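Take a look at the structure set out below.
Chains as they are written, first to last, in my numbering: chain V, 5 to 266; chain D, 9 to 393.
Pasting the structure below:
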């Protein structure tokens, strides 16, 4: 019986994300909310692991009270339970404060064998919460997983997607995995699960439930602040060379010399 | 328009729309072009629990009514009528069992249909018997504990793909229409084979084949209801399916309207979007009005059927006749609004226009619908005198 936790995030649907000029956090008013698209792949992978290995899938999210909608929607895909972390004190959290809060909740849930997250959220695009959460829980993580294979009951072989090809790594449970869209094709929600999700009691845990002081979490507990958001400069053209190292070194030297001249 | 749907009905409709948007629309042109049977989408529908909407819960379905069924069909038809026909035809095959099947038959055949593990099909039409259901030639002859079937069923939707078939065959030639019976056949039964896949004008994602019965020997307990009930089973099955055909028409026409209106806002001629021209506005206005009228009729009839009235043949025929004629007009007009673009296969409305035509033909032609309604009126007004 694997204990599987999937961390999801409710995000604004629009690509055009605006920042609050005072707090520099995301402005959510008046924009339709969806489940972060990458997280649906995390939910699907968790369900597939459960179906193959047995276990229980619990959803976890931190957010304003309306994040409950995202949990209910995600329950429609078939997870067993959900917990919402919501408190005014959690507001304005950076990635660290978010990961810290999620970590405490996972401890309160009695830990997990496997934690899934999407590779990043489409609003903040940091891709930090998953790995930070693993660090806080002191467990290994593999980011950008595109394929999982159990080699025995508590060992996973993971294909980690890279710019060119993939890395094959092994990890022992408990572990945290962040997934890319290539990992699976999420199923359709089920009507019966949606009906059940509508009535499912979703516990809401706040500051006191998790035993935090207000200054440890939310904006107060954050080390970083977003000052400015801008698209990164486009990456230059890249090439992949293959061959014996001495040959490649010679080729690289030649190329660098040419570049130095022009 | 708000049709005062319950939260559960809206949830069901939204789920079907999600399948349409995420799974059907992205590949509908390809399914049409390549005439591929949409197994992946059927699996999505099964995963979503939508294969058993009208099948009672004790047989693994959702136990919902006609209104819920039409809501799902309308939403799926917004994606592709070929796909929606495949889905709806399975219910057409299941209705004889639902309405007249024995407890054993229901236990055996309904759960796999409801779970989406098996598709069903309804085999009535023959080369010389379509509208004239009394002219059926296929025979089912009793032989001890068996029936032996011979004949050929033409243009059977889902034939060759479905596992479960309800077949109408003559058990007593002398009795005419009262000599027809309904029987369940399985794809794997001896003597059952299928003809080539027909090439159709539209609904190309749906598969249509001949079902050939040559000394097909099946156990006696495959008879649905009693011998001689075939005609009644057929009529009741079609009564239940007709609002569904109307719903497909509403979904299709709505989608054609959406495409045409969106195009008219984008397309500029004489320096302005063409939606600014009254000629285009009037076309769109008529289309929108007809779609809403048809939807109101389909929902009203579906709600009426859900009150389990004794006789709903006339209104069921109306709920098929008006929307399907409407869908033909609206899709033709959608192509007209879009002009040359509408005629190109790069845009979805030419397919919608091709798909619309079959709705006026299958599950009883619209001429037969008028006969049914006329006959009912004649009866009603005789009583009133």
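Glycine residues also receive a C-beta, built at the ideal position from the N, C-alpha and C atoms. If you're wondering where the values come from, they're calculated on a predicted model, not measured in any experiment.
Exposure of residue i, with buried meaning 16 or more beta-carbon neighbours within 10 Å
i	result
residue 348 of chain D	exposed
residue 125 of chain D	exposed
residue 219 of chain V	exposed
residue 288 of chain D	buried
residue 31 of chain D	buried
residue 255 of chain D	buried
residue 90 of chain V	buried
residue 152 of chain D	exposed
residue 252 of chain V	exposed
residue 343 of chain D	buried
residue 162 of chain V	buried
residue 245 of chain V	exposed
residue 70 of chain V	exposed
residue 125 of chain V	buried
residue 106 of chain D	buried
residue 239 of chain V	exposed
Same chain, Cβ closer than 8 Å to residue i, five either side skipped, listed in chain order
i	result
residue 112 of chain V	209, 213, 214
residue 166 of chain D	94, 97, 98, 101, 127, 128, 129, 214, 215
residue 85 of chain D	92, 255, 256, 257, 258, 259, 260, 263
N- and C-terminal bounds of the beta strand (DSSP E) containing residue i
i	result
residue 263 of chain V	Where residue 263 of chain V is concerned, there is no enclosing beta strand (DSSP E), although the alpha helix (DSSP H) it sits in stretches over 249 to 265.
residue 66 of chain V	59 to 66
residue 11 of chain V	6 to 11
residue 219 of chain D	216 to 227
residue 173 of chain D	172 to 178
residue 66 of chain D	No beta strand (DSSP E) holds residue 66 of chain D; DSSP gives it neither H nor E.
residue 81 of chain D	Premise fails: residue 81 of chain D lies in the alpha helix (DSSP H), 74 to 85, not in any beta strand (DSSP E).
residue 89 of chain V	85 to 89
residue 14 of chain V	14 to 16
Test: residue i CB closer than 7 Å to a CB of chain V
i	result
residue 361 of chain D	no
residue 19 of chain D	yes
residue 127 of chain D	no
residue 96 of chain D	no
residue 57 of chain D	yes
residue 52 of chain D	yes
residue 220 of chain D	no
residue 23 of chain D	yes
residue 172 of chain D	no
residue 63 of chain D	no
residue 282 of chain D	no
residue 27 of chain D	yes
Residue i: first and last residue of the uninterrupted alpha helix (DSSP H) it sits in
i	result
residue 162 of chain V	Counting along the chain, residue 162 of chain V falls outside any alpha helix (DSSP H), though it belongs to the beta strand (DSSP E) covering 159 to 165.
residue 39 of chain V	No alpha helix (DSSP H) contains residue 39 of chain V, which is instead part of the beta strand (DSSP E) from 37 to 39.
residue 124 of chain V	Note, residue 124 of chain V: premise wrong, no alpha helix (DSSP H); not H, not E.
residue 165 of chain D	Element bounds for residue 165 of chain D: not the alpha helix (DSSP H) but the beta strand (DSSP E), 154 to 165.
residue 152 of chain V	From DSSP, residue 152 of chain V is part of no alpha helix (DSSP H) but of the beta strand (DSSP E) over 145 to 156.
Close Cβ partners of residue i (< 7 Å) along its chain, the five nearest in sequence each way excluded
i	result
residue 368 of chain D	332, 333, 336, 374
residue 1 of chain V	The structure shown does not extend to residue 1 of chain V, since chain V spans only 5 to 266, so no value can be given for it.
residue 39 of chain V	12, 14, 74, 77, 78
residue 53 of chain D	27, 59, 95, 124
residue 101 of chain V	221, 222, 225, 226
residue 239 of chain D	141, 185, 186, 188
residue 188 of chain V	45, 48, 49, 52
residue 84 of chain V	60, 61, 62
Short CB-CB distance (under 7 Å) between residue i and chain D
i	result
residue 194 of chain V	yes
residue 278 of chain V	The first residue shown for chain V is 5 and the last is 266, placing residue 278 of chain V beyond what the model contains.
residue 76 of chain V	no
residue 239 of chain V	no
residue 52 of chain V	no
residue 31 of chain V	no
residue 198 of chain V	yes
residue 255 of chain V	no
residue 191 of chain V	yes
Sequence-distant residues of its chain with Cβ nearer than 6 Å to residue i (five each side left out)
i	result
residue 162 of chain D	133, 134, 135, 218
residue 150 of chain D	none
residue 96 of chain V	27, 29, 222, 223
residue 322 of chain D	381, 384
residue 132 of chain V	99
residue 175 of chain D	131, 191, 193
residue 168 of chain D	202, 217
residue 224 of chain D	157, 197, 199, 200
residue 75 of chain D	310, 311, 314
Ranges of the beta strand (DSSP E) found wholly within the stretch 162 to 248 of chain V, counting only runs of at least 3 = 170 to 176, 179 to 183
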